[in-house]
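Quick note on our numbering: the sequence shown kicks off at 34 and runs consecutively.
Glycine included, C-beta positions come from ideal geometry on N, C-alpha and C.
This report refers to the structure that appears directly beneath it.
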Amino acid sequence: MATTPIHLERPDGKGLAAGTLGLWGSTVIGLASTAPVYSLVATLGFVVLAVGAQAPIAFIIAFVPMLLIAFAYRELNNAVPDCGTTFTWGTKAFGPWVGWMGGWGVAVAGMVVLANLAQIASVYFWSLIGQDLENNDWRVVLVAVLFIAAMTWVSWRGVEIGERIQNVLLAIQYLALAIFVVAALWQFFAGDAPDATPFSWEWLNPFGFTDWSGFTEAILLALFIYWGWDTCLALNEETKDPKRIPGRAAVLTCVILLVTYVAVTIAAMMYAGLGEDGTGLGNEANADDFFLAIKDGLLGPFGWVLVVSVIISAISSTQTTILPTARGTLAMGVYRALPAKFKEVHPVYRTPSFSTIVMGVVASLYYVGMTLISDNILQDSILSLGLAIAFYYAITGFACVWYFRADLFRSARDFFFKGLFPLLGAVLLTGAFVQSAIDMWDVDYGYTVLFGIGGTFVIGIGSLAVGLLLMLLWYLFPRSKRFFRGESLNRETEVMVPEDPGVLIRSVDGGI
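In structure tokens, the structure reads:
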């Protein structure tokens with residue numbers, strides 16, 4: 034059925050701070066969103082337990098679908114530079130129902146990871162001052178909520194101040210990683226490493242995996258540590274060149290992360306080895322916190338540097354994780370996929386004021402609620418995060434292929450970057466979603482058992498099912514009708530970005 038295009042009456046787009054970010058600022062925010070230090074600390078040990086010496090190549094293989102999906106983001110953003118990203122593109126390609134669920138995938142992933150990041154920052158904060166507290170200790174919970182509140186304020190205050198803070202925080206993270214790599218290699222070559230292990234090219238052999246289950250587990254874990262680069266695209270309407278800069282920043286972020294993760298992994302293996310005792314990467318006792326296990330032996334009295342870097346990494350990512358969800362729900366509010374309140378933009382700071390505050394409040398309530406019920410359930414919700422990530426990344430990849438289906442054979446470039454690469458990325462992530470769900474069904478996966486099956490599966494699939502219920506509930510409200518009829522957002526809907534991003538944008542009421 035033909036749809037009628039909506040003619041917008043808002044020359045300033047959605048009212049965001051257009052023309053604020055350049056390529057460097059977008060890339061910094063993309064890198065900060067992935068929390069490179071924390072991601073390595075939380076993942077490296079488990080990847081080694083899963084595949085041993087093949088850990089470096091596991092990170093490289095996991096990079097492939099991320100890069101393929103980054104191409105999809107770049108191409109879609111070039112055509113439709115909308116801060117709704119997956120929600121907007123999914124709706125334009127497949128209609129309102131798929132688009133709404135894509136937007137929910139972004140939101141639920143952000144909410145869950147915010148709770149985890151705040152908790153990690155708080156635990157490390159107390160550890161830094163000599164307090165070894167349990168995750169559900171009231172002091173840990175209090176400081177974690179304060180971290181969320183502070184980073185919500187920074188996000189509400191403006192993307193420019195957020196960029197300045199992220200420049201400093203990211204510099205500290207990479208300085209800490211550089212110190213780690215240099216110190217590890219120095220001790221290896223000096224013969225002072227606890228289990229010096231010479232580098233081997235077999236570590237980079239993609240055919241060296243011996244266990245399929247371990248391989249899939251490692252790849253899924255590695256996928257998690259790349260997640261977050263798409264924040265570059267959620268800020269597309271606030272860049273100096275909305276059609277080009279965000280896509281370039283996303284690809285650049287992925288490449289920088291690849292180099293970072295592989296370099297740190299190789300240095301760690303050469304320093305600590307793969308043994309199952311002491312500081313070895315194969316020691317299960319070290320798996321969830323490798324830095325804490327080796328900091329004193331590696332840096333002596335300066336071991337606190339690694340602890341501080343994890344705190345900063347978690348806090349940094351807490352702030353940048355709020356950004357894409359707030360802008361996604363802003364777009365959903367503008368296009369009538371959510372209540373009108375969500376489309377509010379601060380008249381001075383030009384940020385999604387209501388959406389940002391809601392994100393901070395909901396994340397805090399979720400974190401406190403899960404902690405009060407059971408810290409194990411909170412941990413399982415984090416383990417299930419890969420399902421939401423694979424879900425909305427796959428939707429984006431398929432949306433790219435379908436949206437550009439008429440262009441695929443116009444040139445070799447269009448065929449590969451708008452068709453083949455996004456399709457391969459989407460298929461790989463769909464496979465990761467299915468395999469992950471199968472693994473999570475097992476009662477031995479994760480920390481809890483619910484309804485006789487793995488709690489991680491229940492939480493992961495259940496969180497997506499909650500989105501389905503919320504979508505059906507919103508369908509009952511009068512304001513939603515134009516969205517679900519394909520009128521407020523469809524393939525022909527104009528892009529809501531100002532023609533001149535360099536012009537100071539004022540907030541204007543009106544539009545759809």
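Three-state secondary structure assigned by DSSP to residue i
i           : result
residue 482 : strand
residue 429 : helix
residue 389 : helix
residue 314 : coil
residue 272 : strand
residue 522 : coil
residue 402 : helix
residue 487 : strand
residue 509 : coil
residue 49  : coil
residue 537 : Caution applies to residue 537, whose pLDDT of 37 falls short of 50 and renders its modelled position unreliable; the value that the coordinates give is listed next. Residue 537: coil per DSSP, three-state reduction.
residue 371 : coil
Proximity test, residue i beta-carbon vs the ligand MG heavy atom, cut-off 6 angstroms
i           : result
residue 360 : The ligand MG is not among the ligands present in this structure, which contains no ligands whatsoever.
Integer Cβ distance of residue i from residue j, believed to fall under 8 angstroms
i           : j           : result
residue 492 : residue 417 : 5 angstroms
residue 501 : residue 144 : Not really, about 16 angstroms apart at Cβ, beyond 8 angstroms.
residue 351 : residue 102 : With a Cβ gap of about 24 angstroms, residue 351 and residue 102 do not count as contacting.
residue 114 : residue 276 : 5 angstroms
residue 271 : residue 51  : 6 angstroms
residue 432 : residue 57  : Incorrect: roughly 28 angstroms between the Cβ atoms, too far for contact.
residue 278 : residue 117 : That belief does not hold up - the Cβ atoms of residue 278 and residue 117 are roughly 18 angstroms apart, past 8 angstroms.
residue 211 : residue 304 : Actually they are not in contact, since the Cβ atoms of residue 211 and residue 304 sit about 15 angstroms apart, beyond 8 angstroms.
residue 72  : residue 258 : 4 angstroms
residue 107 : residue 280 : 3 angstroms
residue 356 : residue 268 : 6 angstroms
Residue i: first and last residue of the uninterrupted alpha helix (DSSP H) it sits in
i           : result
residue 162 : Taken as a continuous stretch (DSSP letters only), residue 162 belongs to no alpha helix (DSSP H), as it is neither H nor E.
residue 104 : 88-112
residue 329 : 323-332
residue 439 : Careful: residue 439 lies outside any alpha helix (DSSP H) and carries neither H nor E.
residue 457 : 454-474
residue 408 : 408-416
residue 236 : Residue 236 -> no alpha helix (DSSP H), and no H or E assigned at all.
residue 304 : 278-305
residue 125 : 119-127
residue 378 : Where residue 378 is concerned, there is no enclosing alpha helix (DSSP H), given that its DSSP letter is neither H nor E.
residue 185 : 171-190
residue 515 : 514-517
7 angstroms Cβ cutoff met for residue i and residue j
i           : j           : result
residue 141 : residue 498 : no
residue 74  : residue 343 : yes
residue 247 : residue 84  : yes
residue 366 : residue 376 : yes
residue 253 : residue 469 : yes
residue 478 : residue 340 : no
residue 466 : residue 396 : no
residue 452 : residue 441 : yes
residue 127 : residue 364 : no
residue 214 : residue 300 : yes
residue 368 : residue 521 : yes
Cβ-based neighbour list, residue i, same chain, cut-off 8 angstroms, excluding 5 preceding and 5 following
i           : result
residue 503 : 137
residue 289 : 60, 64
residue 238 : 87, 90
residue 511 : none
Cβ shell of residue i (< 7 angstroms), same chain only, five flanking positions each side left out
i           : result
residue 330 : 227, 312
residue 412 : 480
residue 180 : 151, 154, 155, 348, 351
residue 104 : 450, 454, 455
residue 359 : 188, 385, 388, 389, 392
residue 298 : 77, 88, 89, 92
residue 174 : 401, 404
residue 223 : none
Cβ-based neighbour list, residue i, same chain, cut-off 6 angstroms, excluding 5 preceding and 5 following
i           : result
residue 100 : 287
residue 379 : 386
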